[in-house]
Amino acid sequence: MKSTTLRRSNITREKVAMMEALNRYNREHQEDDFYRRQSKSRELDALWQSFGVKQQKSEKAPQVYFVTGLIFGVIITLLITTFVSILINLSTPKDDITVPNVKQQTSADNGKFRFIPADSSKTTSAPVVMNEEYTVKAGDTLESIVIRFYGSFDMEKVNLIQEANKMANPNALSIGQKLIIPVNK
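Right under this line is the structure:
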């Protein structure tokens, strides 16, 4: 090493000589340790083989357990449901219920709900207008009221409600306001 490098690092020449000697010693004895380590590992391998440890059976993958559990679960669920349905069918009484023959409706009446009065001698020619009254609650809009009563949004139904209540603005609802909802139109 140069003397300038030694002065900058504050290492004396004696310390440098000692480090070089230690490095040489490690290089010389490193080869001996290598052969000693290899011979020990060979000895351990021979001992392990003579010990006679049998290899364990390989474990099944977790997917196998999952699939078998799933299959058994489905089978057991099906068995339980069939058993319960059989019990229900056996426990319910079988009444002799006779259904009267209903005449075929005309194509004009198809899909419409029709009330048949209890006394068949009286017939009504004009349909009865059914209206329901609804009180507006917080968060209600005319669209949500139409969906509640008619099942889906339809602009014609909104117009019917506006006409029945004489509303100019469908967005001007107030909480507690009573609305007339025409049901059978």
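Note that this note's numbering numbers the sequence shown so that position 77 is 77, with each residue one more than the last. Note that beta-carbon positions come from the ideal geometry of N, C-alpha and C, so glycine has one too.
Inter-residue spacing [alpha-carbon to alpha-carbon] between residue i and residue j
i: A138; j: I76; result: 49 Å
i: E132; j: I88; result: 40 Å
i: Q162; j: T141; result: 12 Å
i: V84; j: V146; result: 42 Å
i: V183; j: N169; result: 21 Å
i: N171; j: E143; result: 9 Å
i: I11; j: D45; result: 47 Å
i: F190; j: I80; result: No information on residue 190 is available, as it lies outside the stretch 1 to 185 that the chain covers here.
i: K60; j: V74; result: 22 Å
i: R24; j: Q63; result: 58 Å
i: H29; j: E14; result: 23 Å
i: L90; j: Y65; result: 37 Å
i: T18; j: N26; result: First, the amino acid is wrong: residue 18 is Met here, not Thr. Those two C-alpha atoms are separated by around 12 Å.
i: N159; j: I86; result: 52 Å
i: T92; j: T68; result: 36 Å
i: T82; j: M155; result: 48 Å
Proximal residues to residue i (C-beta, below 6 Å), its chain only, five neighbours per side dropped
i: M167; result: none
i: Y150; result: K157
Residue range of the unbroken alpha helix (DSSP H) whose run includes residue i
i: P62; result: 62-91
i: K157; result: 155-165
i: I147; result: 142-150
Close-in-space but distant-in-sequence residues of the same chain around residue i (CB under 7 Å, 5 per side omitted)
i: V136; result: L173, S174, I175, G176, Q177, L179
i: Q105; result: Legend: pLDDT at Q105 = 49, less than 50; position of this residue unreliable, value from coordinates given subsequently. Closer than 7 Å at Cβ, skipping near neighbours: no residue.
Terminal residues of the beta strand (DSSP E) in which residue i lies
i: K137; result: Note, K137: premise wrong, no beta strand (DSSP E); not H, not E.
i: P182; result: 178-182
Contacts around residue i, its chain only, beta-carbon distance under 8 Å, and the 5 residues preceding and following it disregarded
i: I181; result: N131, E132, E133, Y134, I145, F149, I161, A164
i: F153; result: E143, V146, I147
i: L70; result: none
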